[in-house]
Amino acid sequence: MQTHFLDLNQLNDDEIMELIRLAIQYRDGKLVQLKRPVYFANMFYENSTRTHTSFEMAERKLGITPINIDPKNSSVQKGETLSDTVKTLQAIGTDGVVIRHKTTGWYEPLIDDERIHTSLVNAGDGSGQHPSQSLLDLLTIYDEFKKFKGLKIAIVGDLLHSRVARSNAEILKRLGAKLYFAGPDEWYPSDFDNFGEFTNIDTIVGKVDVMMMLRVQLERLNEDARESFTAVEYANIFGLTEERGSKMKKKAIIMHPAPVNRNIEIADSLVEAPQSRIFRQMQNGVFARMAILTSILKSKDLIAEDEYEDIN
Ligand code: CP
Numbered sequence: 002m003q004t005h006f007l008d009l010n011q012l013n014d015d016e017i018m019e020l021i022r023l024a025i026q027y028r029d030g031k032l033v034q035l036k037r038p039v040y041f042a043n044m045f046y047e048n049s050t051r052t053h054t055s056f057e058m059a060e061r062k063l064g065i066t067p068i069n070i071d072p073k074n075s076s077v078q079k080g081e082t083l084s085d086t087v088k089t090l091q092a093i094g095t096d097g098v099v100i101r102h103k104t105t106g107w108y109e110p111l112i113d114d115e116r117i118h119t120s121l122v123n124a125g126d127g128s129g130q131h132p133s134q135s136l137l138d139l140l141t142i143y144d145e146f147k148k149f150k151g152l153k154i155a156i157v158g159d160l161l162h163s164r165v166a167r168s169n170a171e172i173l174k175r176l177g178a179k180l181y182f183a184g185p186d187e188w189y190p191s192d193f194d195n196f197g198e199f200t201n202i203d204t205i206v207g208k209v210d211v212m213m214m215l216r217v218q219l220e221r222l223n224e225d226a227r228e229s230f231t232a233v234e235y236a237n238i239f240g241l242t243e244e245r246g247s248k249m250k251k252k253a254i255i256m257h258p259a260p261v262n263r264n265i266e267i268a269d270s271l272v273e274a275p276q277s278r279i280f281r282q283m284q285n286g287v288f289a290r291m292a293i294l295t296s297i298l299k300s301k302d303l304i305a306e307d308e309y310e311d312i313n
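Just so it is clear: in the sequence shown, position 107 is 108 by our numbering, and no numbers are missing.
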């Protein structure tokens, strides 16, 4: 049983499937009772619309009281370290802290500190992992195909800066999907060769079951790269244009973690096209996060009802 939720690699395949099934049960209306009042702090050092809101929604649906802390108005501005912030939130009485931070692996020094026993939830670490996004992506793919093994999945775009790409590449490969990557050469991390094949979008668009497009993360580029970036050129060479979309298999789906740069990595008209599951992903995010938080509550014996046990 996991006290922290940091990386999907900490879970085996059965545990991942268990979280997916639990998320589906929550979507179908499952409820739980807590043994006592439970408090989680949400701290987003990087901007977020979906992850922050859906963690808060998941907390409220589970009966957890969310405490939202804006780092811009906190003592982080006076030089407080992340470790001291977490220990402070723990001393005040939080059972868990959901954190998004620009530092890849922000949680590593904290989990080795035996004075920290509040649960840590990774809501995205730099260019490292985005495990709750990955779980909601798995749920969205599972909804559609009821399997992962043998699916052909393309992850396309800014692979270098995308924690979503890394989380999904690792887990989808482990679950048996055949992965293809496409995007600019300079944004291809060579270790992705361990997970799939680097090709180009035109070669794969008509073959895959899932086209997972990634946001161009201009904010992570240096000034020279930002200045030389041209949206129209990117869309023409690497984007899911209407023309490319028309070549997709009939039952293939379009995914994107969002926020979306419309008409850069994906044509405006495809964002809400029948094959798009982009808003479904956001909806699933609430239920996937309810499942994640439940696994933490369970590890701390905070669930009164026995319903969690019936998920197998
Ligand atoms: N997909 C995602 O992480 O979105 P936010 O940055 O808005 O949370």
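Where a beta carbon is used, it is the ideal one built from N, C-alpha and C, also for glycine.
Applying the criterion that 16 or more other CB atoms from any shown protein chain within 10 Å of the CB defines a buried residue, is Ser-270 buried or exposed?
exposed
Out of Ser-49, Ala-24 and Ile-65, which has the shortest C-alpha to C-alpha gap to Ala-42?
Ile-65
Between Met-214 and Val-98, what straight-line distance do the alpha-carbon atoms span, to the nearest angstrom?
30 Å
Kindly list the residues whose CB is nearer than 6 Å to the CB of Asn-237, restricted to its own chain and excluding five residues on each side of it in sequence; keep chain order.
none
Please report how far the alpha carbon of Trp-188 lies from the alpha carbon of Leu-222, in whole angstroms.
11 Å
In terms of DSSP beta bridges, what is Glu-198 paired with?
Tyr-181
How would you label Pro-38, buried or exposed, when you count the other beta carbons within 10 angstroms and need 16 or more for buried?
exposed
Would the C-beta of Arg-51 count as close to ligand 1, meaning under 7 Å from any of its heavy atoms?
yes
Nearest-angstrom Cα separation, counted from Ser-191 out to Lys-252:
31 Å
Given a threshold of 16 other Cβ atoms within 10 Å of its Cβ, counted over all protein chains shown, does Gly-151 qualify as buried or as exposed?
exposed
Sorry if obvious, but does the Cβ on Pro-258 come closer than 7 Å to a heavy atom of ligand 1?
yes
Sequence-distant residues of its chain with Cβ nearer than 6 Å to Gly-129 (five each side left out):
Thr-105, Gly-106 and Arg-164
For Asp-311, count the other beta carbons within 10 Å of its own beta carbon; 16 or more makes it buried, fewer makes it exposed. Which is it?
Residue placement at Asp-311 is poorly supported in this model, since its pLDDT is 48, which falls under 50; the coordinates are not used for a value here.
Inter-residue Cα distance where the pair is Ala-226 and Gln-91
41 Å
Three-state secondary structure assigned by DSSP to Lys-153
strand
What are the uninterrupted segments assigned as beta strand (DSSP E) that are 3 or more residues long and contained completely in the segment 192–245, given in chain order?
197–199 and 211–214
Would you check whether ligand 1 has a heavy atom nearer than 7 Å to the C-beta of Gly-158?
no
In this structure, does DSSP put Asn-74 in helix, strand or coil?
helix
When Glu-145, Asp-194, Thr-231 and Ala-183 are compared against Gln-282, the one with the closest alpha-carbon:
Glu-145
Check for me: the alpha helix (DSSP H) holding Leu-173 runs from which residue to which?
164–175
Is it true that the segment 245–262 meets the segment 202–216, where meeting means three or more beta-carbon pairs spaced less than 8 Å apart?
yes
Closer than 6 Å by C-beta to Phe-199: which residues in its own chain qualify, once you throw out the five before and the five after it? Chain order, please.
Phe-182 and Tyr-189
Taking Cβ to Cβ, would you say Arg-290 is nearer than 8 Å to Pro-260?
no
Is the separation between the beta-carbon of Glu-57 and that of Pro-67 shorter than 8 Å?
yes
Considering only the alpha carbon of each residue, which of Glu-171, Ile-297 and Ala-305 lies closest to Asp-96?
Ile-297
What alpha helix (DSSP H) runs, 4 residues minimum, are completely inside the segment 49–104?
51–63 and 83–93
Where the beta strand (DSSP E) through Ile-121 begins and ends
Inspection of the sequence shows that residue 121 is occupied by Leu rather than by Ile. Element bounds for Leu-121: 120–126.
Local conformation of Leu-35 per DSSP, three classes
strand
Outcome for Thr-82 when other beta-carbon atoms lying within 10 angstroms are tallied against a minimum of 16
exposed
What residues in its chain sit with their C-beta under 8 Å from that of Tyr-46, if we drop five residues either side in the sequence?
Pro-72, Val-77, Ile-100, Arg-101, His-102 and Lys-103
When you compare the CB positions of Phe-6 and Asn-123, do they come within less than 8 Å of one another, or not?
yes
On the DSSP letters alone, give me the boundaries of the alpha helix (DSSP H) that Asn-262 sits inside.
Note, Asn-262: premise wrong, no alpha helix (DSSP H); not H, not E.
How many Å lie between Lys-174 and Asn-69 at the Cα?
35 Å
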